[in-house]
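Quick notes on the structure that follows.
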Amino acid sequence: MADRIKLQVARYRPEREAEATFDEYEVPCPKDWVVLDGLNHVKDRIDGTLAYRWSCRMGVCGSCGMMVNGEPKLTCATFLADYAPGPIRVEPLRNFPVVRDLIVDIGDFMRKLVTVRPWIVREEEKPLSAGEYLQTPEQMDDYKQYSMCINCMLCYAACPVYGLDPLFIGPAAIALAQRYNLDSRDEGAAERHRVLSEHEGIWGCTFVGECTRVCPKHVDPAGAIQRYKLTAAVETVKAFFMPRGA
Amino acid sequence: MSPGQVQPEYRQRVLPPRVSTLWWLGKGTYFAFILRELSCVFVAWFVAYLLLLVRAVSQGDASYQEFLAWSATTPILLLNLVSFLFLIFHTVTFFDAAPRAMVMKVGRNRVPGRVVLAGHYAGWAAASAIVCWLLLGA
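Residue numbers (the numbering used here), protein chains in the order written: chain F, 1 to 246; chain B, 247 to 384.
See below:
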């Protein structure tokens, strides 16, 4: 196995460049090094100006998502050795504005996320003295898969619909809305329905399915969206035949 | 900065995202998606073909024979063959989505996706068998 590998890293320095360029760095390639280790090596030993996000190094924080050889990946979970003999091309996540080098602006997602109210909504909170909101393991299983989302944005980078239509609310926001819709403690489904059932909500999705394929936490956003399409269609039919409610 | 002077708004010079017109050629799964979208055109063609058949039948035997002769021409045969392949592709990909959209439960247990999928294929087989019986057996 090669003991070194080349990284072709996208650079964008807005103060002096109008377009992104690529710089090439050679880094060690021990079998336990991930792409993020390679970038940290570049930053620490070769070029301190390289800018990128990272935090936990263990696939939990969702900060280090980048395009690795054209695929959205968590760089802390992508081994250099898997790409030997290289080179490995590292770019910022697709479909987002690039702020600098490998750092993208995810403000659009953050603004859209709050519109689906990704928290437990209660019409009326019960007093603390009434105790916890209890939930059975089966009730928890209903939403647990969707609760694994770490907002890493790989699904947005993989989604051509989001790339082509920036108004589309996107896979993670819809999966997180479903996470709360399916929570037995939540009563906010009707509020979320207004946002999700718009054209830029679930109906914008054409089920390419790439969001699910690239998700490092097996959330299945594409499944969440198709599932909510069925729910929304049933709700529409119910509203048509029973305009005053059941 | 002197008092009263307004700080100009800081605007970050970002690199906007760009999507190539040929983005769908960049990956096998994107290409398969585009083929699936394209398959709708062939679904529409089969609907139109069926309506033409109904019209020919309603106009009498001569019209029906003329329709059959037209259907046997090479361009129509080729078009129908390609349409049939696209319809199979459309159906299979549509069925693949079904277990993810339909979450069914029996008691407290979720019905496995492969059972939902098998149900769809069984329905397809049953519908095809009925059509075959109507065409060949009745």
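Note that the Cβ used here is the ideal one computed from N, Cα and C, for glycine as well.
What you are looking at is a predicted structure, and each value in this text was computed from that prediction instead of being measured.
Would you report the Cα separation of lysine 351 of chain B and leucine 134 of chain F, rounded to the nearest angstrom? Rounded to the nearest angstrom, the two C-alpha atoms are 21 Å apart.
Identify every residue that forms a DSSP beta bridge with glutamate 71 of chain F. Checking the DSSP bridge columns, you'll see glutamate 71 of chain F partnered with F:Val68.
Taking C-beta to C-beta, are proline 137 of chain F and alanine 177 of chain F nearer than 8 Å? In this structure, proline 137 of chain F keeps its C-beta atom at 8 Å or more from the C-beta atom of alanine 177 of chain F.
Quick one: what's aspartate 23 of chain F bridged to in DSSP? Its beta-bridge partners are F:Val9.
Touch check for the stretch 97–109 of chain F and the stretch 43–52 of chain F: three-plus C-beta pairs under 8 Å? With the cut-off at 8 Å, the stretch 97–109 of chain F and the stretch 43–52 of chain F touch.
Three-state class that DSSP yields for valine 289 of chain B in the structure shown: It is helical.
List the endpoints of the continuous alpha helix (DSSP H) containing isoleucine 225 of chain F. 221–241 is the span of the alpha helix (DSSP H), which, as asked, contains isoleucine 225 of chain F.
Looking at chain F, which residues of the stretch 259–273 of chain B have a Cβ within less than 9 Å of any of its Cβ atoms? Residues of the stretch 259–273 of chain B whose Cβ lies closer than 9 Å to any Cβ of chain F, in chain order: Arg259, Val260, Leu261, Pro262, Pro263, Arg264, Val265, Trp269, Trp270, Gly272 and Lys273.
Three-way DSSP call (helix, strand, coil) for asparagine 40 of chain F in this model: Collapsing the DSSP output to three states places asparagine 40 of chain F in a helix.
Residues sharing a beta bridge with arginine 4 of chain F, DSSP: BP columns for arginine 4 of chain F point to F:Pro28.
State whether the stretch 329–338 of chain B contacts the stretch 285–295 of chain B, with contact taken as three or more CB pairs (one from each stretch) at a distance under 8 Å. Short answer: they touch.
With 16 as the cutoff for other CB atoms within 10 Å, does alanine 18 of chain F come out buried or exposed? Residue environment: alanine 18 of chain F is assigned as exposed (fewer than 16 neighbouring CB atoms within 10 Å of its CB, all protein chains considered).
At 8 Å on the CB atoms, spell out the chain F contacts of alanine 347 of chain B, in chain order. The contacting residues are Gly223, Gln226, Arg227, Lys229 and Leu230.
Applying the criterion that 16 or more other CB atoms from any shown protein chain within 10 Å of the CB defines a buried residue, is asparagine 355 of chain B buried or exposed? With fewer than 16 other Cβ atoms inside 10 Å of its own Cβ, asparagine 355 of chain B counts as exposed.
Tell me the start and end of each unbroken alpha helix (DSSP H) in the stretch 195–219 of chain F that is at least 4 residues and wholly inside, in chain order. Along the stretch 195–219 of chain F, the alpha helix (DSSP H) occurs as fully enclosed runs of 4 or more residues at 210–214, listed in sequence order.
For chain B, is any of its Cβ atoms less than 8 Å away from the one on asparagine 250 of chain F? There is simply no residue 250 of chain F to check, as chain F begins at 1 and stops at 246 in what is shown.
Determine the direct distance from the alpha carbon of alanine 157 of chain F to that of glutamine 251 of chain B, and round the result to whole angstroms. Straight-line spacing of the CA atoms in glutamine 251 of chain B and alanine 157 of chain F works out to 42 Å.
Interface partners of phenylalanine 207 of chain F on chain B, CB under 7 Å: Close to phenylalanine 207 of chain F, with beta-carbon spacing below 7 Å, are these residues of chain B in chain order: Ala343.
Can a CB atom of chain B be found closer than 8 Å to the CB of arginine 213 of chain F? Taking Cβ atoms only, chain B reaches closer than 8 Å to arginine 213 of chain F, which makes this a yes.
Under a Cβ-count criterion, where at least 16 other Cβ atoms within 10 Å of its own Cβ denotes burial, should cysteine 155 of chain F be classed as buried or exposed? Buried.
If you check the beta carbons only, do glutamine 145 of chain F and valine 68 of chain F fall under 8 Å apart? No, they are not a contact pair.
Less than 8 Å separating the beta-carbons of lysine 73 of chain F and cysteine 149 of chain F? For lysine 73 of chain F and cysteine 149 of chain F, no; Cβs fall outside 8 Å.
Against chain B: residues of the stretch 173–187 of chain F by CB proximity under 8 Å: Hits within the stretch: zero.
What residue from B:Leu261, B:Gln253 and B:Ser248 has the CA that sits closest to proline 92 of chain F's CA? Closest option to proline 92 of chain F, Cα to Cα, is B:Leu261.
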